[in-house]
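Okay, so here's the structure we're looking at.
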Amino acid sequence: MTLHARRVPAAILLALCGCIGPYADVGQKLDVGLRLSGGETWIAAVGSETRILVLGRTPDGQSSQFAFSRLEAPVAAGTEGHTAQGVWQEHGGTMFLTVNVEYTLLDESSVGTTQRRGAFRKDGLSRLIRLDVAQGGGQLRIAGDPGYAGTYLRLAEALSTLGSATPDDAACAFHVANLLVMTSQVRVVGFGGPGMLQYRNGQDFEGTVAGTLSVQMNGGLLAPDVRIGFRGLVDFPGVQLDGDQLTHTDSGGTGKTEGTLLFTFRPAPGGTAAAPVTGSLRYDLVITDGVARGGEYTVALDGGATGAVQPMMPPQPPLAACLHLP
60 MTLHARRVPA AILLALCGCI GPYADVGQKL DVGLRLSGGE TWIAAVGSET RILVLGRTPD
120 GQSSQFAFSR LEAPVAAGTE GHTAQGVWQE HGGTMFLTVN VEYTLLDESS VGTTQRRGAF
180 RKDGLSRLIR LDVAQGGGQL RIAGDPGYAG TYLRLAEALS TLGSATPDDA ACAFHVANLL
240 VMTSQVRVVG FGGPGMLQYR NGQDFEGTVA GTLSVQMNGG LLAPDVRIGF RGLVDFPGVQ
300 LDGDQLTHTD SGGTGKTEGT LLFTFRPAPG GTAAAPVTGS LRYDLVITDG VARGGEYTVA
360 LDGGATGAVQ PMMPPQPPLA ACLHLP
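In my numbering, the protein residues as written are 60 to 385.
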């Protein structure tokens, strides 16, 4: 299953019964749970999972809100994602996260397309998570809850190690850009399932930090076109996407995903990549049963290398090697 190629190939029965989505008013519940302003982003690799923790701060530097994502990506396309949002505090080596909103997108590739739940959201929560934290040597070490534990680096500093001259650098750029694709789409309620029918009128989602993600379904139920537009989208400081993806499938979930996204990475000064790293990610994917199983992504770094990545293969080098994660 691919987080950015799963679509709704057959949902006629659900449409006839009126079951077109989890909410009657699309704009009522589907937008971002919170929007962060200021703060820092930390990133860790735990097995095939990438963890991104954004700790927001008030203008005077006090802790405020947070966003946390766990993204499962053993292959280039990714398989599932989880995001939590809420408020945080830290006292004497202990961090307290209060989760208010939670999004989940499961791997449903083994489930029939009309039976897939797609991304779903739980809000109105007040779940307290206690973590032991220690910071030093440019690392944030988190222990306690196994879903959050890991050794994290500041994303801006990790981005400063990126290059642009080789095909490996292009593969690394894919990794980073795809993280933002995944964090954004896990928040689109119904994504990957019949709930996508509710976007026939279109919907804009706020980025967690900046920009928007637009979702529009066009065409008939037998051959839907789904356009996802990235407009200055930032879910975690340091990575931005602009551009469009367009997926067209028949009633059996066979079709293609095309389009080009422009990425901008903003590293910390002083590393190999002192200036912003820019380039493009072009989609030319073959969709089977709602899953990207063929074709490729083409990454072109401005003024640098070009490389191709296959959706069902793990990109090499791994993300942890690209960003020198512990």
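Backbone N, C-alpha and C fix where the C-beta goes; we use that ideal spot for every residue, glycine too. As the structure is a computational prediction, the values presented were derived from the model and not from experiment.
Original post:
If we ignore side chains and look at the alpha-carbon of each, how far apart do K315 and R286 end up?
Top reply: 12 angstroms
Original post:
So, helix, strand or coil for M154, using DSSP?
Top reply: strand
Original post:
Can you give the Cα-Cα distance for S185 and G145, rounded to whole angstroms?
Top reply: 9 angstroms
Original post:
Which parts of the region 120-149 are runs of the alpha helix (DSSP H), unbroken and 4 residues or longer, counting only runs that do not cross its ends?
Top reply: none
Original post:
Identify the residues that DSSP records as bridge partners of G54: which are they?
Top reply: Because the chain spans 60 through 385 in this model, residue 54 falls outside it and cannot be assessed.
**OP:** Report the rounded CA-to-CA distance for A380 versus G278, giving the unit in angstroms.
**Re:** 42 angstroms
**OP:** Can you check DSSP and say which residues form a bridge with M276?
**Re:** V285
Original post:
Can we say the region 190-200 touches the region 167-175, given the rule of at least three CB pairs closer than 8 angstroms?
Top reply: no
**OP:** Would you give the residue range spanned by the alpha helix (DSSP H) that V235 belongs to?
**Re:** DSSP places V235 inside the alpha helix (DSSP H), whose first and last residues are P226 to Q244.
Original post:
Anyone know if the C-beta pair for V274 and V247 falls short of 8 angstroms?
Top reply: Yes, the Cβ-Cβ distance between V274 and V247 is below 8 angstroms.
**OP:** Quick one: measure Cβ to Cβ for T242 and G140, integer angstroms, because I've assumed they're closer than 8 angstroms.
**Re:** 7 angstroms
Subject >> DSSP three-state assignment for P81, whether helix, strand or coil >> reply: Interpretation of P81 is limited by its pLDDT of 39, a score under 50 that renders its predicted location unreliable; the figure taken from the coordinates is listed afterwards. Three-state DSSP puts P81 in coil, outside helix and strand.
Subject >> Cβ-Cβ separation, Y356 to A367 (assumed contact under 8 angstroms), whole Å >> reply: 7 angstroms
Subject >> Chain-order list of residues whose beta-carbon lies under 7 angstroms from that of T210 (same chain, five-residue window excluded) >> reply: A103, Q198, R200 and P385
Original post:
Per DSSP, which one or two residues make a beta bridge with H307?
Top reply: D284 and K315
Original post:
Roughly how many whole angstroms lie between the Cα atoms of Y342 and G206?
Top reply: 31 angstroms
Subject >> Exposed unless 16 or more other CB atoms sit within 10 angstroms - verdict on T117 >> reply: exposed
Subject >> Residues near S107 in its chain [Cβ-Cβ closer than 7 angstroms; skip 5 each side] >> reply: E131, A132 and P133
Subject >> Distance, A136 Cα to R175 Cα >> reply: For R175 and A136, the distance between alpha carbons rounds to 18 angstroms.
Original post:
In three-state terms, what does DSSP make of A193?
Top reply: strand
**OP:** Rounded to whole angstroms, what's the CA-CA distance from G261 to G288? Just pull it up for me.
**Re:** 11 angstroms
Original post:
Below 8 angstroms between beta carbons: does that hold for L95 and Q121?
Top reply: no
**OP:** Could you tell me if A202 is buried or exposed, where buried requires 16 or more neighbouring beta carbons within 10 angstroms of its beta carbon?
**Re:** exposed
**OP:** Report the option in D284, M276, G254 and L292 whose CA atom is closest to the CA atom of F264.
**Re:** L292
**OP:** Write down the C-beta distance between L378 and T220 rounded to the nearest angstrom, noting that I regard them as a contact closer than 8 angstroms.
**Re:** In fact, because the Cβ distance is near 12 angstroms, the residues do not count as touching under 8 angstroms.
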